[in-house]
Amino acid sequence: MGTPANIIVGSHVWVEDPTLAWIDGEVVSIKNNEVHVQTSNGKKVNTDRSKVFPKDMEAPPGGVDDMTRLSYLHEPGVLQNLATRYELNEIYTYTGSILIAVNPFQRLLHLYDTHMMEQYKGADFGELSPHVFAIADVAYREMINEGKNNSILVSGESGAGKTETTKMLMRYLAHLGGRSGVEGRTVEQQVLESNPVLEAFGNAKTVRNNNSSRFGKFVEIQFDKTGRISGAAIRTYLLERSRVCQINTPERNYHCFYFLCAAPPEDTQRYKLADARSFHYLNQSSCIEVEGINDAKDSGKNEVGELPDRKNKGIPESWTNG
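Position 140 (the sequence shown) corresponds to 131 in the working numbering; numbering is contiguous.
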């Protein structure tokens, strides 16, 4: 982060805290390279000057929506701004053309409905509040206007919300490039319907995330000259194959196995299935059920729909998606 400058007695600063990561305070004295700080929680901290960072006293109380506007772009300043906005349910913040998303751990449906999509459609970047739709819209417009491929990279640690963010990007692009009045299932519908299938076979409960993707995914959506979706390809890689045969409490195996075991009685009898606890690859962990996931209902059926030739193929209705 670099060596802080202009730290004098009376300066409002940030210092490291073992519990809060960073805490604000005021410099009461400086001796050589050692700075003495009175923190806002009443503690006194003595630390090296290189570990003290100036606090932006002119920052708005609600934070800024683009962190390039911060007076000090250092770690405590960035984290404080994100925390301030998070408390106001503002989960998105820009840093220039980069969007930072903080997982809200709750459903904010109003942020992703059709009305919100229409708001961001064609809007200048930065005109509206930070949003994943704005990023997708920029990529789409540049593709149309410049005739060049565009990429959106979604990265973050486990539980950060990468899977949900990717789904929102795909939904928005499908909204922009969708075809109306087309009989049967359109390409954009099939692209969106692939998500629950991929999650069933590639997602699992981990220590940190109840729906953690245990594989990488590269999604390519193809558009024609008019901007309509003409095709798509989804490539998966680096699946955590060891999870199939070895798991520990409180984690689970891949969702698909529990979906199968939770099928209706007529299906479990037909395919000689039983309770998940009776299978070695599933009972190595004491965790069988997960809060927020209904194995009997959340297999993706409602999202994917039924195949028209399901009965002819002998595929059980409840297993159409997994």
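Heads up, the beta-carbon is just placed ideally off N, CA and C, and yes, glycines get one too.
Bear in mind that the values here come from a model prediction, so they are computed numbers and not experimental data.
What distance in whole Å lies between the Cβ atoms of residue j and residue i, which are believed to be in contact at a cut-off of 8 Å?
{"i": "residue 247", "j": "residue 192", "result": "5 Å"}
{"i": "residue 147", "j": "residue 200", "result": "With a Cβ gap of about 11 Å, residue 147 and residue 200 do not count as contacting."}
Could you pull out every residue in the same chain whose Cβ sits closer than 6 Å to the Cβ of residue i, ignoring the five residues on either side in sequence?
{"i": "residue 142", "result": "none"}
{"i": "residue 2", "result": "18"}
Given residue i, which residues of its chain have a CB within under 8 Å of its CB, disregarding the five upstream and five downstream residues?
{"i": "residue 0", "result": "18, 19, 20 and 21"}
{"i": "residue 72", "result": "50, 54, 55, 58, 61 and 84"}
{"i": "residue -3", "result": "45"}
{"i": "residue 276", "result": "238, 239, 240, 241, 242, 243 and 244"}
By DSSP, does residue i sit in helix, in strand, or in coil?
{"i": "residue 221", "result": "strand"}
{"i": "residue 101", "result": "helix"}
{"i": "residue 110", "result": "helix"}
{"i": "residue 275", "result": "coil"}
{"i": "residue 157", "result": "helix"}
{"i": "residue 246", "result": "helix"}
{"i": "residue 256", "result": "helix"}
{"i": "residue 270", "result": "coil"}
{"i": "residue 213", "result": "strand"}
{"i": "residue -2", "result": "coil"}
{"i": "residue 143", "result": "coil"}
{"i": "residue 281", "result": "strand"}
{"i": "residue 287", "result": "coil"}
{"i": "residue 150", "result": "coil"}
{"i": "residue 228", "result": "strand"}
Given that a residue counts as buried once 16 or more other Cβ atoms are within 10 Å of its Cβ, and exposed if not, what is residue i?
{"i": "residue 164", "result": "buried"}
{"i": "residue 98", "result": "exposed"}
{"i": "residue 327", "result": "Here the chain has residues from -8 to 313 only, and residue 327 is not among them."}
{"i": "residue 12", "result": "exposed"}
{"i": "residue 291", "result": "With a pLDDT of 42 at residue 291, under the threshold of 50, the predicted position of this residue should be treated as unreliable, though the coordinate-derived value follows. Classification for residue 291: buried."}
{"i": "residue 43", "result": "buried"}
{"i": "residue 244", "result": "buried"}
{"i": "residue 269", "result": "exposed"}
{"i": "residue 266", "result": "exposed"}
{"i": "residue 9", "result": "exposed"}
{"i": "residue 179", "result": "buried"}
{"i": "residue 293", "result": "Confidence in residue 293 is poor, its pLDDT being 41 and thus under 50, which makes the residue's placement unreliable; the coordinate value appears in the next sentence. With fewer than 16 other Cβ atoms within 10 Å, it is exposed."}
{"i": "residue 215", "result": "exposed"}
{"i": "residue 186", "result": "buried"}
{"i": "residue 4", "result": "buried"}
{"i": "residue 115", "result": "exposed"}
{"i": "residue 100", "result": "exposed"}
{"i": "residue 326", "result": "A question about residue 326 goes unanswered here, because the residues of the chain that appear run from -8 up to 313."}
Report all residues from its chain with a CB closer than 7 Å to the CB of residue i; omit the five preceding and five following residues, and keep chain order.
{"i": "residue 69", "result": "58"}
According to DSSP, which residues form a beta bridge with residue i?
{"i": "residue 3", "result": "17"}
{"i": "residue 27", "result": "20 and 37"}
{"i": "residue 92", "result": "83"}
{"i": "residue 44", "result": "5"}
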